[in-house]
Every structure is written in structure tokens, then in C-alpha cells.
Amino acid sequence: MQRELLEKDAILLQQDAASWEDAIKKAGQLLIDTGKIRESYIEATIRNIHELGPYILIAPNVALPHSRPEDGVLEQGISVLTLRKSVEFDSEKPFQLVICLAAVDENLHIEMLQKIAEVIADEALVNKLLSSTSVDEVYKMFNGGGELN
Amino acid sequence: MLAVCGMGFGSSMMLKMTIEKVLKEKGIKADVQTTDFSTAGSEKADFIFTNEEFGRQLAGGTVPVVAIKNIADTKEVREKLEAALQ
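Taken in sequence, the protein lines are chains P and S.
Start counting the first sequence at 0; every next residue gets the next number (my numbering).
Start counting the second sequence at 128; every next residue gets the next number (my numbering).
Here it is in C-alpha cells:
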């Protein structure tokens with residue numbers, strides 16, 4: 000059975016965000032709305048960033064907000080938010096692509112990470128994602144390839 | 128080797144996968160473990176791989192720190208690993 004990594008309802012493209020916190024809340028809201036996490040998960044993520052610095056920046060222009068499963072994950076999944084204009088952390092590091100990650104345990108989320116890694120390892124794919132206005136196109140980028148079987 | 132991120136869970140796992148890909152390709156045998164930032168300082172390792180943010184914070188310890196910009200980029204990890212091994 001094909002497991003759906005990213006639901007269409009968890010994709011929001013070409014949005015505006017006032018700050019990095021706003022961007023993370025918007026990406027997190029998609030996971031709340033699709034029943035993957037509780038609000039506490041986003042609060043924990045933002046608190047962690049205040050404490051530890053922007054650890055969620057995993058590649059140029061790409062943020063992967065995540066926290067621990069016990070902070071409020073109900074079901075595993077990811078959401079994708081793209082911003083028309085990038086937002087920055089205090090350290091001036093900008094990002095435009097937000098992939099919010101909800102993982103339930105270490106083994107199950109490896110396949111999610113592999114798929115995310117495939118996309119962000121390729122700058123051309125990241126740019127394609129950032130310029131995309133099609134939810135279907137983005138959906139296919141993360142669910143295609145049959146790697147999740 | 129240690130792959131470090133804030134939670135020891137999300138991005139460090141991704142970084143570990145990238146490092147293992149590179150090690151396999153180069154035929155190097157090494158144990159790669161993930162950990163979170165708060166325990167990284169007390170762990171023993173030959174190298175610590177982490178993102179740029181923690182790279183800055185962890186630098187200056189006894190273990191050489193390799194900071195990675197794109198943790199999914201095998202090319203970047205390969206180049207920085209090769210440089211670290213010299």
C-alpha cells in the first residue's frame with residue numbers, strides 16, 4: 000500500500016509570512032488541520048528555536064521545523080509551505096521553503112526523510128518547488144517515485 | 128562520527144543518511160550516530176557533523192566539527208569529509 004507522505008491539504012503555495020515564527024505557525028497549522036499534530040508541537044518547536052538557534056535550517060533557503068514526537072505528534076506526516084518572499088532569523092539566514100515534519104518514531108520517519116532529502120539535495124528541484132503554483136505538481140514531487148512503498 | 132541537530136531526531140537523521148551514503152561510496156567503514164545538541168558536547172567521536180548554526184556553537188571543543196550547509200547534499204558532505212580526513 001502506498002503511504003501518502005504529503006497530503007494535498009497540507010500544501011500551501013506562494014504565501015506571505017511576517018516573520019519566521021509566522022511561517023512556522025502557518026506550516027504547522029496545515030499539520031494541525033490535517034490531524035497530524037497538536038498545537039503544542041508547534042509551540043515546542045518555536046520554543047526550541049528560541050533556545051537553540053535556527054537548527055531547523057537544513058539547506059540554503061529550506062527550513063524543516065520539527066520537534067520531538069512527545070511534543071504532540073498524532074500521526075506522521077509533513078506539510079509544505081512556500082513563501083513569495085523569504086523570511087529571516089535573527090542571524091539573517093533567509094528561507095522560503097518550509098517543510099514541517101511530524102515524526103512518530105525513529106524508524107518510521109526514515110522514508111519521509113529520504114524523500115525530503117531527495118528534493119532538497121537538488122537545487123533545481125527546490126527552485127521548481129518555490130516557483131510552483133500547482134498543488135498537484137508539488138504533491139507529485141513528494142509522493143512520486145514509488146519510494147515510499 | 129556524530130550527526131548533531133537540535134532534537135537528535137529529524138535533521139540529524141537526514142544528515143546521518145547523507146554521511147552513510149558518502150561513506151559507502153568511498154568504502155569507508157565508520158559508525159555514525161545521531162544525537163541532540165545538548166548532549167553532543169559530552170560524546171566521544173572522531174568527528175562531529177552538524178549544521179552551520181551548531182557548527183559555530185560546537186567549534187573549539189576537542190572533537191573536530193564539520194559544518195554542513197545542505198545536509199542532504201552528498202557532494203558537499205563528500206568534499207568536507209575528504210578535507211576533514213586529511
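For every residue, glycine included, the Cβ atom is placed at its ideal position computed from N, Cα and C.
Below-8 Å beta-carbon distance, residue i vs any chain S residue
i, result
"A22 of chain P", "no"
"E146 of chain P", "Its pLDDT being 43, under 50, E146 of chain P is placed unreliably in this model, and the coordinates cannot settle the point."
Interface partners of residue i on chain S, CB under 8 Å
i, result
"R83 of chain P", "In chain order: nothing, as chain S lies at least about 22 Å away."
"Y54 of chain P", "C132, G133, M134, S138, F164, N178, E180 and F181"
"A9 of chain P", "Neighbours of A9 of chain P on chain S: none; closest Cβ ~17 Å, over 8 Å."
"A58 of chain P", "K196, N197, I198, A199 and D200"
Boundaries of the beta strand (DSSP E) in which residue i is found, first to last residue
i, result
"G76 of chain P", "G76 to E87"
"E6 of chain P", "L5 to Q14"
"N178 of chain S", "I175 to N178"
"I55 of chain P", "Element bounds for I55 of chain P: n/a, residue is neither H nor E."
Check: residue i C-beta below 7 Å from any heavy atom of the ligand GTP
i, result
"K7 of chain P", "The ligand GTP is not part of the structure shown, which contains no ligands of any sort."
Residues that residue i contacts on chain S, provided the C-beta gap is smaller than 7 Å
i, result
"A102 of chain P", "F136 and G137"
Unbroken alpha helix (DSSP H) run spanning residue i, endpoints
i, result
"A26 of chain P", "W19 to D32"
"D135 of chain P", "V134 to N142"
"V204 of chain S", "T201 to L212"
"T166 of chain S", "F164 to A167"
"N197 of chain S", "From DSSP, N197 of chain S is part of no alpha helix (DSSP H); its letter is neither H nor E."
"V152 of chain P", "Residue 152 of chain P lies beyond the stretch modelled for chain P, which goes from 0 to 148, so this question has no answer here."
Any chain P beta carbon closer than 8 Å to residue i
i, result
"M144 of chain S", "yes"
"M128 of chain S", "no"
"K151 of chain S", "no"
Reference residue i; option with closest CA among the options
i, options, result
"V192 of chain S", "S:T201, S:D200, S:K202 and S:E170", "S:E170"
"L142 of chain S", "P:I109, P:G76 and P:V97", "P:I109"
"T177 of chain S", "P:K7, P:H49, P:Y54 and P:N47", "P:Y54"
"K84 of chain P", "P:A101, P:K7 and P:S130", "P:S130"
"E206 of chain S", "S:K153, S:L129 and S:V131", "S:K153"
"K114 of chain P", "S:A210, S:A211 and S:A199", "S:A199"
"N197 of chain S", "P:F94, P:D135 and P:V79", "P:F94"
"D21 of chain P", "P:E87, P:E91 and P:G52", "P:E87"
"G187 of chain S", "S:A157, S:K156 and S:G168", "S:G168"
"A211 of chain S", "S:D173, S:D163, S:V131 and S:S138", "S:D173"
Near-chain S residues of the stretch 61–95 of chain P - C-beta to any C-beta below 7 Å: If the cut-off is 7 Å between Cβ atoms, the stretch 61–95 of chain P has L63, H65, S66 and R67 near chain S.
Determine which residues of the stretch 169–200 of chain S have a Cβ less than 8 Å from any Cβ of chain P, and write them out in chain order. The residues in question are N178, E179, E180, F181, Q184, K196, N197, I198, A199 and D200.
Using a Cβ-Cβ cutoff of 9 Å, what residues of the stretch 107–141 of chain P are near chain S? List them in chain order. H108, I109, L112, Q113, I115, A116, E117, V118, I119, A120, D121 and E122
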